[in-house]
Amino acid sequence: MAEQKDPLMEVLRRATTDPAYREALKADPVKVLKEAGVEVPEGVTYEVVENTPDKFYIVLPPLAEEELGGEELEARATKSALMCEPGPGGRVTLMPVCIVS
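So the sequence shown is numbered by this note's numbering: it starts at 11 and just counts up by one.
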């Protein structure tokens, strides 16, 4: 059985190599995400920002109302709190260094 690919990671991979796709994602992230098969909850807005050689964005997950642990903590933190660093030369490469925090 083939491993199922994560649609969000596929969007991010494609956005690092396809300038037109990247611009479409920045212009209408909900449309691009839905087209890629990412589940987009109603009433949630998305904003796409780009790291540059001299400016990095750190995205924090929402504050937990209670102390979380184990799988629930991992599920909430995954993909909503990625800190990505550019690769060699200050450019984000196909697979940027991302740390799930």
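For glycine and all other residues, C-beta sits at the position ideal for the given N, C-alpha and C.
Val69: buried (16+ other C-beta within 10 angstroms of its C-beta) or exposed? exposed
My assumption, with CB atoms under 8 Å, is that Tyr67 sits in contact with Val59. Please give the rounded CB distance. 5 Å
Determine whether the beta carbon atoms of Arg23 and Tyr31 lie at a separation below 7 Å. no
Would you say Val48 and Pro17 are within 7 Å of each other, going by their C-beta atoms? yes
State the start and end residues of the unbroken alpha helix (DSSP H) segment that holds Glu20. Pro17 to Ala25
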